[in-house]
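**Student:**
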Amino acid sequence: MLKKVLLLLTMMLMAVPLLPVHAGTALGLDGRLLDAGGSVTIEGKVMVPVRPVFEEMGYTLSVDMEEGAVLAQKKGSKIEIHLWEPKLLVNGKEAVLTAAPQLIMGKTLLSEQDVCNLLDLQSIRETGPEQVSFFSKPEMTREGVIRHLLAADRQLMRAEYYNNQGFLARHQIAPSPKIVTKDDLVKLLGRHWSADSIASLWQAGSRDGRYAGFFSEGSMPLLYSKEMAVTGLTETEAKVEVKLPQWDDESLTHFEERIYTLSRDKEGKLLITRVECK
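The sequence shown runs -23 to -1, 1 to 255 under mature numbering (1 follows the signal peptide of the UniProt record, and there is no 0).
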């Protein structure tokens, strides 16, 4: 049986060079860098490694190499990716795919579009460096609001630390895309921040009609927060109180408190419309 498994695996790996595979692309989810170059383009379709995306979305993954199957499980959802006879099952029902699952260098890959369909994500292509960025849809639950706020903060860091990519890398934040115009800034922040917030950032960070970024430290990332609590929640609005150490306090004994207001707009986007300091 072991010889059969090894033979099948060898055949799969031998088949890979026959496909037109192009250079790797970085992969991000909600502003977090998941993989620096694991995505590849095969016959015009971007193929994404499933493990980092599925695990970030709360799935547990296991592999049955004898059957050539990857199993992803989460409460109420079971996804089976079959490699030897390419197909995908969702809760036992076969799904229609835009591209066959692939096994490349030990990683299971699905197309960008199939990942979006399976996990209810949105994706965009970003340049400078090349990357595929996925975004989850906000849920008006306490957990969903916190997740969305952290995603919004990472997106803000990508703008504020435009001239300090090392800072982003150290905090596992996706690299900044190329930002030149205000439209570029809106594309980066428009899923999470209000138009007024973006306009203020553009005014502070642009020079002669081009985005220049900032040459000093930006604001402290929310990942440093000591406390974070949803204090108000309705179908259309949420308030979150955050306690953060002061940026210039090396002893981490002095704190600032912020209140974030998040509101649904007419398009259904959950935007940060106000940030107050207590």
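Note that beta-carbon positions come from the ideal geometry of N, C-alpha and C, so glycine has one too. Just so we're clear, the structure is a prediction, and the values are computed from it rather than from any experiment.
1) From Gln50 to Asp130, what distance separates their C-alpha atoms?
2) Can you list, in chain order, the residues of its chain with a C-beta nearer than 6 angstroms to that of Asn68? Leave out the 5 residues immediately preceding and following it.
3) By how many angstroms is the C-alpha of Leu199 removed from the C-alpha of Leu127?
4) Could you have a look at Arg241 and say whether DSSP puts it in helix, strand or coil?
5) Can you list, in chain order, the stretches of the beta strand (DSSP E) that have 3 or more residues and sit fully within the stretch 199 to 230?
6) Straight-line CA distance for Gly190 to Ala136?
7) Taking one C-beta from the stretch 151 to 162 and one from the stretch 175 to 182 each time, how about it: are there three or more such pairs within less than 8 angstroms?
8) If you follow the beta strand (DSSP E) that Gly14 is part of, which residue opens it and which one closes it?
9) Would the stretch 200 to 218 count as touching the stretch 181 to 188 if we require 3 or more Cβ pairs under 8 angstroms?
10) Give the range of the beta strand (DSSP E) segment to which Met24 is assigned.
11) What does the alpha-carbon distance come out to for the pair Arg251 and Ile19?
**Tutor:** Let's see:
1) Mapped onto the sequence shown, residue 50 falls at position 73. Mapped onto the sequence shown, residue 130 falls at position 153. If you take the alpha carbons of Gln50 and Asp130, they lie about 29 angstroms apart.
2) As a first step, residue 68 must be located in the sequence shown, where it is residue number 91. The beta carbon of Asn68 is closer than 6 angstroms to those of Lys55 in its chain, skipping five residues each way along the sequence.
3) One-based indexing of the sequence shown puts residue 127 at position 150. One-based indexing of the sequence shown puts residue 199 at position 222. Cα to Cα, the separation comes out at about 7 angstroms.
4) Here the question's residue 241 lines up with position 264 in the sequence shown. Residue state, collapsed to three classes: strand.
5) DSSP runs (the beta strand (DSSP E)) wholly in the stretch 199 to 230: 204 to 210 and 214 to 222.
6) In the sequence shown, residue 190 corresponds to position 213, counting from 1. In the sequence shown, residue 136 corresponds to position 159, counting from 1. In a straight line, the C-alpha of Gly190 is about 7 angstroms away from that of Ala136.
7) These segments touch.
8) Taking the sequence shown and counting its residues from 1, the one referred to as residue 14 is at position 37. Counting along the chain, the beta strand (DSSP E) containing Gly14 begins and ends at Arg9 to Ile19.
9) As far as the Cβ criterion goes, the stretch 200 to 218 does not touch the stretch 181 to 188, which means the pair count is below three.
10) The residue you call residue 24 lines up with position 47 of the sequence shown. Met24 -> beta strand (DSSP E) spans Lys22 to Pro26.
11) Numbered from its first residue, the sequence shown carries residue 251 at position 274. Numbered from its first residue, the sequence shown carries residue 19 at position 42. Straight-line measurement puts the Cα of Ile19 at about 43 angstroms from the Cα of Arg251.
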